[in-house]
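**Student:** Numbered according to the numbering used here, the first sequence spans residues 24 to 508.
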Amino acid sequence: MEGVSPSGVSVYRNSASFADLCRGPHLPSTSYVKAFKLTRVAGAYWRGDEKRDQLQRIYGTAWESKSALADYLNRLAEAEKRDHRKLGLELDLFHFPPEIGGGLPVFHPKGALVRYLMEDFSMRSHLASGYQLAWTPHIAKSTLFEISGHLQWYKEGMYPPMEMEGATYYPKPMNCPMHILIYKAHQRSYRELPMRLFEFGTVYRFERSGVLHGLARVRGLTQDDSHIFCQPSQLGEELTRLLGFVISLLRAFGLEDFEAELATRPEKSVGAEDEWEEATAALQYALERSGISYVLAEGEGAFYAPKIDVHLKDAIGRRWQVSTLQVDLQLPQLFDLEFIDSDNTRQRPYMVHRALFGSVERFFAILLEHYAGALPTWLSPTQVSIVPVKDGNEDYAADLARRLGAAGARVTVLGASEPLGARIRKLKLEKIPFILVVGDRDEQAQTVGVNRRGSLKPEMDVSTEKFIAELSGEISPKPLDVEVA
RNA sequence: GCCGGUGUGGCGCAGCUGGUAGCGCAGGCGAUUUGUAAUCGUCAGGUCGUCGGUUCGAGUCCGACCACCGGCUCCA
Numbered sequence: 024m025e026g027v028s029p030s031g032v033s034v035y036r037n038s039a040s041f042a043d044l045c046r047g048p049h050l051p052s053t054s055y056v057k058a059f060k061l062t063r064v065a066g067a068y069w070r071g072d073e074k075r076d077q078l079q080r081i082y083g084t085a086w087e088s089k090s091a092l093a094d095y096l097n098r099l100a101e102a103e104k105r106d107h108r109k110l111g112l113e114l115d116l117f118h119f120p121p122e123i124g125g126g127l128p129v130f131h132p133k134g135a136l137v138r139y140l141m142e143d144f145s146m147r148s149h150l151a152s153g154y155q156l157a158w159t160p161h162i163a164k165s166t167l168f169e170i171s172g173h174l175q176w177y178k179e180g181m182y183p184p185m186e187m188e189g190a191t192y193y194p195k196p197m198n199c200p201m202h203i204l205i206y207k208a209h210q211r212s213y214r215e216l217p218m219r220l221f222e223f224g225t226v227y228r229f230e231r232s233g234v235l236h237g238l239a240r241v242r243g244l245t246q247d248d249s250h251i252f253c254q255p256s257q258l259g260e261e262l263t264r265l266l267g268f269v270i271s272l273l274r275a276f277g278l279e280d281f282e283a284e285l286a287t288r289p290e291k292s293v294g295a296e297d298e299w300e301e302a303t304a305a306l307q308y309a310l311e312r313s314g315i316s317y318v319l320a321e322g323e324g325a326f327y328a329p330k331i332d333v334h335l336k337d338a339i340g341r342r343w344q345v346s347t348l349q350v351d352l353q354l355p356q357l358f359d360l361e362f363i364d365s366d367n368t369r370q371r372p373y374m375v376h377r378a379l380f381g382s383v384e385r386f387f388a389i390l391l392e393h394y395a396g397a398l399p400t401w402l403s404p405t406q407v408s409i410v411p412v413k414d415g416n417e418d419y420a421a422d423l424a425r426r427l428g429a430a431g432a433r434v435t436v437l438g439a440s441e442p443l444g445a446r447i448r449k450l451k452l453e454k455i456p457f458i459l460v461v462g463d464r465d466e467q468a469q470t471v472g473v474n475r476r477g478s479l480k481p482e483m484d485v486s487t488e489k490f491i492a493e494l495s496g497e498i499s500p501k502p503l504d505v506e507v508a
């Protein structure tokens, strides 16, 4: 009786001729199920092992009352409305051309702008917080991934090789080996450490066809990737500071509810036991000092490093894994990294891999679902749309657009080719944060009618000056500036 | 990758047991000049995912491939 809880198994019988064992528990009688609905059918591997046969599994949901069932189905419908794949199409942000291939998105002007805004904020925050930029190519010779161990440990996750002039090239699945080469380009002094290299690095990973899922699971993704090289004595401090940076960045995007996971050594892994313990202890130290709630995930670490994964809860309570922090003691050895210490001896640096968005694409998807497409003003492709009541008000609208543009806002004007109600509707469906209606009355009094996204009633006769002043606080955030330790 | 399903103009869909494609929205043009969630008219747009097969004839049937959807497994 392996694989069962100590409290035992249950036996059930649903006809005279059929009995089976089950982990249970069971309802004493189906009369306890007042409302149910079958939802889907799918294959499932016997005992969760893909080497075994598949069984047909029928999924259903059961509730104590009809209204509880209806609530549940409503929540499902709500989640479907937030589906980033649907919103991406509706808001004209991105799509996946079959001609390019599965899991390889293209971003349309509006989506590319949102991406740019995310990356720009991140980039400025990193520059203000002690990071230096790096830039590296998308492919490398097999030599690099032989040294790094990727071809030994991670080959099944890599795109297949390309041959050229007698050499074999691979698209990179990670940026770390290339950042390491930048570190190695010079002899490094302890005075340079911690050295933090940052790059929006696009990597390619072979994902099996059945697992692709919109922007959340793709084959080409951009990591907000950094590799930090530090002295062993700096590790605890650096990780603590880093966790603070992670949380501040996620907060800047309006996300609040976090939980961390400390993932320890997996079975398939490299390195000495005491090194793993030391790295794991440093991560735990940082977690304790940051006061973030965390759980232990035994054996869930990467093959080369233990890690902290940060999860967040979105607006409707779903958990997403985003940031990851990994202490790596292997790659510094494999690449024979060193720095000259204060006593003029050669020492091995420690290395930290970290990504805060995780992948820009996936984080984009999370934001879309969290906000149901209504991105914060600073991330909205169009922040303000001005609607003149009739043609005669268009000059006033254009002038207002110029003034708002000068104040740094992204503004459009929608002229009077259609009735006002139709234009308002169109813009509301686009989830524009501010829709300004201007008519004769506004022209005379130098005012605007403000429709704030999410409020049902417009604010009429708002002074233009006042609106501009209010808006300028929302259109662009200040980059983070986490003090360098 | 595996199991099941889907694939018709930009989007959402219709197209009965095979007889050479329709609707709504979006789009173009024209009229309308509108004070807060759909003004009217008109026009254009599809080798029905791709390739192959069956048939006198395929959007409708069969096969392979591609992509997507729901799960499973995977996510270093």
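Where is the CB? At the ideal position from N, CA and C, for every residue including glycine.
Remember, predicted model here, so these are calculated numbers, not experimental data.
At a cut of 8 Å, does the segment 310–324 reach the segment 351–359 through at least three beta carbon pairs?
**Tutor:** No, because fewer than three Cβ pairs between the segment 310–324 and the segment 351–359 fall closer than 8 Å, the two stretches do not touch.
**Student:** Is there contact between the segment 380–391 and the segment 231–246, where contact requires at least three CB pairs shorter than 8 Å?
**Tutor:** Short answer: they touch.
**Student:** Return the CA-CA distance between residue 402 and residue 140, expressed in angstroms with no decimal places.
**Tutor:** One C-alpha to the other measures close to 6 Å.
**Student:** Just mark residue 81 as buried or exposed, buried being the case when its beta carbon has 16 or more other beta carbons within 10 Å.
**Tutor:** Answer is exposed; the Cβ neighbour count stays below 16.
**Student:** For residue 64, count the other beta carbons within 10 Å of its own beta carbon; 16 or more makes it buried, fewer makes it exposed. Which is it?
**Tutor:** The residue in question, residue 64, is exposed, as its Cβ has fewer than 16 Cβ neighbours within 10 Å.
**Student:** Do you know offhand how far residue 322's Cα is from residue 210's?
**Tutor:** Looking at the two C-alpha atoms, the distance is approximately 36 Å.
**Student:** For residue 105, which three-state DSSP category applies?
**Tutor:** Coil.
**Student:** Residue ranges of each alpha helix (DSSP H) run of no fewer than 4 residues wholly in the segment 73–104, ordered along the chain?
**Tutor:** For the segment 73–104, whole alpha helix (DSSP H) runs of length 4 or above, ordered along the chain, are 89–104.
**Student:** What are the start and end residues of each continuous beta strand (DSSP E) run of 3 or more residues lying completely inside the segment 136–221, in chain order?
**Tutor:** Counting whole runs of 3 or more residues, the segment 136–221 contains the beta strand (DSSP E) stretches 162–164, 185–187, 190–194.
**Student:** Return the CA-CA distance between residue 157 and residue 262, expressed in angstroms with no decimal places.
**Tutor:** Distance between the alpha carbons of residue 157 and residue 262 is about 21 Å.
**Student:** Taking the DSSP output, what are the residues bridged to residue 408?
**Tutor:** Its beta-bridge partners are 435, 458.
**Student:** Between which two residues does the beta strand (DSSP E) holding residue 59 run?
**Tutor:** Taken as a continuous stretch (DSSP letters only), the beta strand (DSSP E) holding residue 59 covers 58–68.
**Student:** Using only alpha-carbon positions, find the residue among 281, 191, 255 that is nearest to residue 298.
**Tutor:** Taking only the C-alpha atoms, the option nearest residue 298 is 255.
**Student:** Taking DSSP as the reference, what is the three-state secondary structure of residue 123?
**Tutor:** Here residue 123 sits in coil by DSSP.
**Student:** Cutting at 6 Å between CB atoms, please list the residues of its own chain near residue 171, excluding the five before and the five after it.
**Tutor:** Once the five neighbours on either side are set aside, the close Cβ partners of residue 171 are 200.
**Student:** Do you know how far the Cα of residue 424 is from the Cα of residue 415?
**Tutor:** The alpha-carbon atoms of residue 415 and residue 424 are separated by roughly 16 Å.
**Student:** Can you find the residues in the same chain that come closer than 7 Å, C-beta to C-beta, to residue 303, ignoring five residues on each side of it along the sequence?
**Tutor:** Taken in chain order, the residues that qualify are 287, 329.
**Student:** Output needed for residue 290: all residues of its chain with C-beta closer than 7 Å, excluding positions within five of it in sequence on either side, in chain order.
**Tutor:** Within the same chain, residue 290 has close Cβ partners 322.
**Student:** Identify the continuous beta strand (DSSP E) that holds residue 271 and give its terminal residues.
**Tutor:** From DSSP, residue 271 is part of no beta strand (DSSP E) but of the alpha helix (DSSP H) over 258–275.
**Student:** So is residue 427 buried or exposed if we call it buried at 16+ other beta carbons inside 10 Å?
**Tutor:** The residue in question, residue 427, is buried, as its Cβ has 16 or more Cβ neighbours within 10 Å.
**Student:** Quick check: what's the CA-CA separation for residue 215 versus residue 242?
**Tutor:** Near 35 Å, if we compare the C-alpha coordinates of residue 242 and residue 215.
**Student:** Which two residues bound the contiguous beta strand (DSSP E) that contains residue 335?
**Tutor:** Residue 335 -> beta strand (DSSP E) spans 330–336.
**Student:** Using a Cβ-Cβ cutoff of less than 8 Å, which residues in the same chain neighbour residue 301 once the five nearest sequence positions on both sides are dropped?
**Tutor:** Here the set comprises 352.
**Student:** Looking at residue 457: is its Cβ nearer than 8 Å to the Cβ of residue 398?
**Tutor:** Cβ distance not < 8 Å, so residue 457 and residue 398 don't count as in contact.
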